[in-house]
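Before any comments, here is the structure.
Number of protein chains: 2
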Amino acid sequence: MPTIEDVARLAKVSTSTVSYALSGKRPISAATRRRIEQAVAELGYRPHAGARALASARSEVIGLIVPLRSGIDVPVIMQFAGGVVTRAREHAHNVLLLTQDDLVGLERATDGSMVDALVVMDVEADDARIPILTRSRQPSVLIGLPQNSSGLTCVDLDFEAAGRTAAAELAALGHREVALLGAPPEVFERHTSYADRVMRGFRDAAADHGLVAHLVPCPATPAGAYGVVDALLADSPGVSGLFVHNERALPHVLSRLREHGRTVPDDVAVIALCPEDVALAQQVPMTAIDLPAATLGGLAVDMVMARLAGEQTVETRLLAPVLTTRESTARR
Amino acid sequence: MPTIEDVARLAKVSTSTVSYALSGKRPISAATRRRIEQAVAELGYRPHAGARALASARSEVIGLIVPLRSGIDVPVIMQFAGGVVTRAREHAHNVLLLTQDDLVGLERATDGSMVDALVVMDVEADDARIPILTRSRQPSVLIGLPQNSSGLTCVDLDFEAAGRTAAAELAALGHREVALLGAPPEVFERHTSYADRVMRGFRDAAADHGLVAHLVPCPATPAGAYGVVDALLADSPGVSGLFVHNERALPHVLSRLREHGRTVPDDVAVIALCPEDVALAQQVPMTAIDLPAATLGGLAVDMVMARLAGEQTVETRLLAPVLTTRESTARR
DNA sequence: ATATCTATTCGAAGCGCTTCGACGCTCGCC
DNA sequence: GGCGAGCGTCGAAGCGCTTCGAATAGATAT
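Sequence order for the protein chains is C and R. Quick note: the first sequence uses the working numbering, first residue -2, plus one each step. Quick note: the second sequence uses the working numbering, first residue -2, plus one each step.
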């Protein structure tokens, strides 16, 4: 592999000049720059990442902590990750993959200066990673909201507002008795906050609008979802509006409604909270609040890069929910 | 951050001794080692990854190239990735996330010595990344099989054998007319080889057993899957055995069969090719050939580490399919 | 007591890059 | 014609770690 010295020799300049020409940190005459670029191309030179990291104290890598466990909507995770990687690349950064439970790996990565910054997904209310993050000297941003977010930079969809929006929409459509089919039980047990926040927003807005609201966690399996639908229809036959915050259960819920002879949207109106492609891939195109996973991932990267650049950023940033009406809702 | 020199000073030894004590590359007396370990613990020392990479020409990072695009079973991708990350960690390596289409990023990572080795997922027949891989000095292993795999290290499920196994099983159960519902059309168009290999194996074995076999790609959406099922039942009413090689379409196929009044397994026997958890999560526990994604990912890491260690490994390794009988198949 | 080993430990030379201070040159100005 | 001011470039000092050859000390053999 050619080194910066080979480039310097070929371009007949010093190594520092090559370095400055490539980084742009000092002015270099056009002629010299051209010679250097030519030498770089000719040799196929690539700076050695380790050497650069050592000399500059910057690795140009950001760490991404992903959850690799059950109960989560895996496709959503991938959308987040895709957003993060894509945006990171636009900032000329690479992404190091770390896993939820690997606290040792996290410490190695931060203390060993492998990463310049961290993006943390699927944050729980009382997350074991947070102490490590605050202790490390790298900036980090969380996707999701922990119990106590003071001093932390967070970005997320405003799930509480999403819950409120859905309830308000169902009220506006003339429904009087509604239900939230929420995240799987294990997500609630883990106190991943978005599940609770949706529920709270939905409950409160339903109350404000004088709706009768049922709130039930919903497993992601067909059998589990069927059970929830069966129980709901049996116990609360008056329910005419559903808000489904569970991407994986959604198709099963819709199937089961059909099997019970309930049509969507005429017998039951359904609003989903899920990524747009999922909303469009159902039997009926869903009226839905978009879960903009890739956008959030990209935003997290933007925020963390801003902090790396020394900018003072807002602590927490919640994206307003956007409801798109499609064919799964109708006036009563 | 404390450096190796701080550790050496505190332990009253030279830096080289610290280095040898930590790496184990030369014998160090028990007493000295203990003092060093104590100093390390006391200071919270972590070696600087960049410095280590520079001095040793090893980054202890492996690159993982994942597809972030449509038509693929995202959960399967995550299982692969999880297997890779987990096993990499066991080998004390980190994982750098690279994306399918980012050829520049791939070159930066290899030529810049960011990674010691590469694992490539979802390989296409004629993959644009292969030339870069063969040119780079890092070993790589592909998960999947390209057109021409000579000189490459590959690992995959033996999809052709899986197709044969399924056909043979349906024949053994007494079915005379069968169908393969395969991967989504876009996967075939991309010539990702596993789709073709399953089809070939199924077709050949069906012929050997004197079965009438229909071979159809199957979209992953409900509407698409319904269409395929509807058409199949209409055009080939004699079909009594199905082999579904499409994780995402599977629940929709099963739903649609039920909606047509066909029971599983009595009217139609169904064998799936999917991860075990998916097979178990259907309405009926599926007789299925396991797609051991996490295992394959881990295996890929093992192979790449073996090559890093200088071992001569087999070029291509195909895992034999394992069929587990559950409740979706029955004798005719 | 001296010479010979072995078991440990040390010193120093890089790995390839960035960055700081300094230098030399050209230019415009008085 | 000489001065200061930039601009563009260079040289050298590290960044923190690994690794090679060599030195040291204690133990064993003579």
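The beta-carbon is built from N, C-alpha and C at its ideal position, and this holds for glycine as well.
Original post:
Hey, is ASP287 of chain R's beta-carbon within less than 7 Å of any beta-carbon in chain C?
Top reply: Using a Cβ-Cβ cut-off of 7 Å, ASP287 of chain R does not count as an interface residue toward chain C, since no Cβ of chain C sits closer than that to its own.
Subject >> Below-7 Å beta-carbon distance, ARG32 of chain R vs any chain C residue >> reply: Not closer than 7 Å to any Cβ of chain C, the Cβ of ARG32 of chain R fails to qualify, so no.
Subject >> Proximity of ASP340 of chain C and ARG55 of chain C at Cβ, strictly below 7 Å >> reply: Shown here, chain C extends from -2 to 329; a query on residue 340 of chain C therefore has no answer.
**OP:** Compute the Euclidean distance between the alpha carbons of THR131 of chain R and VAL241 of chain R, then round it to the nearest angstrom.
**Re:** Those two C-alpha atoms are separated by around 35 Å.
Subject >> Residue from R:ARG23, R:ALA18 and R:PRO44 with nearest C-alpha to GLU34 of chain R >> reply: Checking every option, the nearest Cα to that of GLU34 of chain R belongs to R:ALA18.
**OP:** In angstroms with no decimal places, state the Cα-to-Cα distance between VAL116 of chain R and SER190 of chain C.
**Re:** A direct Cα-to-Cα measurement between VAL116 of chain R and SER190 of chain C gives close to 35 Å.
Subject >> Residues of the stretch 252 to 267 of chain C with Cβ closer than 7 Å to any Cβ of chain R, in chain order >> reply: Hits within the stretch, in order: SER252.
Subject >> Any 3 or more C-beta pairs closer than 8 Å across the stretch 98 to 110 of chain C and the stretch 305 to 314 of chain C >> reply: With the cut-off at 8 Å, the stretch 98 to 110 of chain C and the stretch 305 to 314 of chain C do not touch.
Original post:
What's the gap between the Cα of ALA246 of chain R and the Cα of GLY109 of chain R?
Top reply: Going from the Cα of ALA246 of chain R to the Cα of GLY109 of chain R covers about 42 Å.
Original post:
Going straight from the alpha carbon of ASP309 of chain R to that of GLU244 of chain R, what length do you get?
Top reply: In the sequence on display, residue 309 of chain R carries Gln and not Asp. For GLN309 of chain R and GLU244 of chain R, the gap between their C-alpha atoms comes out near 35 Å.
Subject >> Paired residues, beta bridge with HIS211 of chain C - DSSP >> reply: The secondary-structure analysis by DSSP pairs HIS211 of chain C across a beta bridge with C:ALA176.
**OP:** May I ask you to list, following chain order, the residues of the stretch 70 to 81 of chain R that have a beta carbon less than 8 Å from some beta carbon of chain C?
**Re:** Result list: VAL71, PRO72, ILE74, MET75, ALA78 and GLY79.
Original post:
So what does DSSP say about ILE268 of chain R, is it helix, strand or coil?
Top reply: If DSSP states are grouped into helix, strand and coil, ILE268 of chain R belongs with the strands.
**OP:** In the DSSP assignment, find the beta strand (DSSP E) that holds LEU93 of chain C and state where it starts and stops.
**Re:** Run containing LEU93 of chain C: 91 to 96, per the beta strand (DSSP E) assignment.
Subject >> Distance, ARG173 of chain R Cα to THR162 of chain R Cα >> reply: In a straight line, the C-alpha of THR162 of chain R is about 15 Å away from that of ARG173 of chain R.
**OP:** Indicate the three-state DSSP secondary structure (helix, strand or coil) for THR131 of chain R in the structure shown.
**Re:** In the structure shown, THR131 of chain R falls within a helical segment according to DSSP collapsed to helix, strand and coil.
**OP:** Just the chain C side, please: which residues come within less than 7 Å of ARG105 of chain R by C-beta, in chain order?
**Re:** For the C-beta of ARG105 of chain R, the chain C residues within less than 7 Å are, from N- to C-terminus, ARG43.
**OP:** List the whole-angstrom C-beta distance separating GLY80 of chain C from ALA290 of chain C, where the pair is believed to meet the contact cut-off of C-beta under 8 Å.
**Re:** So it is a contact: roughly 6 Å between Cβ atoms.
Original post:
So what's ASP201 of chain C in DSSP terms, helix, strand or just coil?
Top reply: Helix at ASP201 of chain C.
Original post:
Going along the chain, which residues of the stretch 81 to 105 of chain C sit with their C-beta nearer than 8 Å to a C-beta in chain R?
Top reply: Going along the stretch 81 to 105 of chain C in chain order, one finds VAL82, THR83, ARG86, ASN91, VAL92, LEU93, LEU94, LEU95, THR96, ASP99, GLY102, GLU104 and ARG105 with a Cβ nearer than 8 Å to chain R.
**OP:** Identify the contact partners of ASP377 of chain C in chain R, using a Cβ-Cβ distance below 7 Å as the criterion.
**Re:** Because chain C here runs from -2 to 329, residue 377 of chain C falls outside it and cannot be looked at.
Original post:
Is the Cβ-Cβ distance between ALA165 of chain C and ALA180 of chain C less than 7 Å?
Top reply: Result no, Cβ atoms of ALA165 of chain C and ALA180 of chain C do not sit closer than 7 Å.
Original post:
Cβ of LEU251 of chain C within 7 Å of Cβ of VAL152 of chain C?
Top reply: No, these two residues do not count as a Cβ contact at 7 Å.
Subject >> Cα-Cα separation between THR14 of chain R and ILE1 of chain R, rounded to whole angstroms >> reply: Each residue's alpha carbon lies about 10 Å from the other.
Original post:
Helix or strand or just coil, what does DSSP make of GLU308 of chain C?
Top reply: DSSP places GLU308 of chain C in coil when its eight states are reduced to three.
Original post:
Which same chain residues, not among the five before or five after ASP265 of chain R, have their C-beta less than 8 Å away from its C-beta?
Top reply: Position check: residue 265 of chain R holds Val in this sequence, whereas Asp was assumed. Excluding residues within five positions, the ones whose Cβ falls inside 8 Å are VAL236, SER237, GLY238, LEU239, LEU254 and ARG259.
**OP:** Could you tell me whether the Cβ of GLN35 of chain R comes closer than 7 Å to any Cβ of chain C?
**Re:** So, not an interface residue.
**OP:** Starting from SER137 of chain R, trace the beta strand (DSSP E) both ways and give me its first and last residue.
**Re:** Looking at the DSSP string, the run of the beta strand (DSSP E) that includes SER137 of chain R is 137 to 140.
Original post:
If you draw a straight line from the alpha carbon of LEU212 of chain C to that of ALA285 of chain C, how long is it in whole angstroms?
Top reply: Their backbone Cα atoms lie some 18 Å apart in a straight line.
Subject >> Positions along the stretch 45 to 66 of chain C whose CB lies within less than 8 Å of some CB in chain R >> reply: Listed by position along the chain: HIS45, ALA46, GLY47, ALA48, ARG49, ALA50, LEU51, SER56, VAL58, LEU61 and LEU65.
**OP:** Measure the alpha-carbon distance for PRO272 of chain R versus VAL71 of chain R and round it to whole angstroms.
**Re:** Using only the alpha carbons, I get a separation of about 12 Å.
Original post:
Apart from the five residues just before and just after HIS206 of chain C, which ones in its own chain have a Cβ nearer than 6 Å to its Cβ?
Top reply: Correct list, in chain order: ALA168.
Original post:
Exposed or buried, which one is GLY41 of chain C when buried takes at least 16 other CB atoms within 10 Å?
Top reply: Exposed, because fewer than 16 other Cβ atoms sit within 10 Å of the Cβ of GLY41 of chain C.
Subject >> Contact with chain R by GLN135 of chain C, beta-carbon distance below 7 Å >> reply: So, not an interface residue.
Subject >> CA-to-CA distance, GLY47 of chain R to GLU157 of chain C, given in whole angstroms >> reply: Distance between the alpha carbons of GLU157 of chain C and GLY47 of chain R: 43 Å.
Original post:
By DSSP, does GLU121 of chain C sit in helix, in strand, or in coil?
Top reply: The answer is strand: DSSP assigns GLU121 of chain C an E or B state.
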